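Report on the structure given below.
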Amino acid sequence: MASDDLGPLTDRLFEAVLFDSDGTLIDSTPVVARSWARWSHKYRIGDSDVRHGVPVIEIVDELIDPPLRPQALADIRSYELNDVEGVVAMPGAVEALRALDADTSAIATSCDRDLMEVRLAASAIPAPPVVVTRTDVEHGKPAPDAWLEAARRIGADPRRCLVVEDSQVGVDAARAAGCATLGLRTTTTEGPEADARVQDLSRVRFHKDPDGVRISLR
């Protein structure tokens, strides 16, 4: 197993920490695997063609012929909305969110609003007030819109925000927004190419004081 290393993030002061949801705060891997396997079989799409961290609408538009897109989108949304078996908080997620507050944390996800609400309820994580979904922005990841909107809503400079992500698409979006990045190895062996990488949120501790937020290894 690769070692945890905060590298350039050590001793940095951040205005806020912005979290991805699936694979970062919420373990929805069983649901995602079941739903997309079912969908891929129905539409004869290879599982490897479905990219993690990309909004559903972008995947459907990329892989499905135009006449079939409305039904294909309705199918995958139905599969995911109606399956919460195995949806739980990721290791360290609850502790990370409780260490922060409404001014220093937000979630930015590729999920649509209704799916995000279903998974937040199922996982029972203490979500911050600001939750930006694909429904709230014009362009999904890897565009920077979601991270920029999350920072805007909590009044933080994105260049002084830390993004926590498990997917390369999300890290690329965060970098495009000017954010620092912490990658998690929760859904891939090596994790995304970020400024620093750890196994999961249980390996780090967030410290909030009047000046901002710092991060350290446990």
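Per the numbering used here, the sequence shown starts with residue 226, numbered consecutively.
For every residue, glycine included, the Cβ atom is placed at its ideal position computed from N, Cα and C.
This one's a predicted model, so the numbers in the text were calculated from it and none came from an experiment.
Please tell me whether residue i and residue j are closer than 8 Å, where the distance is taken between their beta carbons.
i, j, result
"Val396", "Ala419", "yes"
"Ile350", "Val319", "yes"
"Ser260", "Asp308", "yes"
"Ala241", "Val438", "yes"
"Ile301", "Val281", "yes"
"Ala398", "Ala368", "yes"
"Arg384", "Gly403", "yes"
"Phe431", "Leu325", "yes"
"Leu409", "Asp425", "yes"
"Asp436", "Cys336", "no"
"Lys433", "Thr334", "no"
"Ala297", "Val285", "yes"
Helix, strand or coil for residue i per DSSP?
i, result
"Lys267", "helix"
"Glu342", "helix"
"Gly426", "Before going on, a small fix: residue 426 reads as Leu here, not Gly. Residue state, collapsed to three classes: helix."
"Ala349", "coil"
"Ser441", "strand"
"Ala421", "strand"
"Val185", "Any property of residue 185 remains undetermined from this structure, which presents the chain solely from 226 to 443."
"Gly408", "strand"
"Ala381", "coil"
Can you give the Cα-Cα distance for residue i and residue j, rounded to whole angstroms?
i, j, result
"Ile173", "Ala314", "As shown, the chain starts at 226 and ends at 443. That puts residue 173 outside it, with no answer to give."
"Glu310", "Ile440", "32 Å"
"Ser392", "Asp236", "24 Å"
"Lys366", "Pro291", "22 Å"
"Ser427", "Leu293", "42 Å"
State the CB to CB distance for the pair residue i and residue j, rounded to an integer number of angstroms; the pair is presumed to be in contact (CB under 8 Å).
i, j, result
"Val343", "Ala375", "Not really, about 20 Å apart at Cβ, beyond 8 Å."
"Leu243", "Cys386", "5 Å"
Which full runs of the beta strand (DSSP E) of 3+ residues lie inside the stretch 283-331, going along the chain?
none
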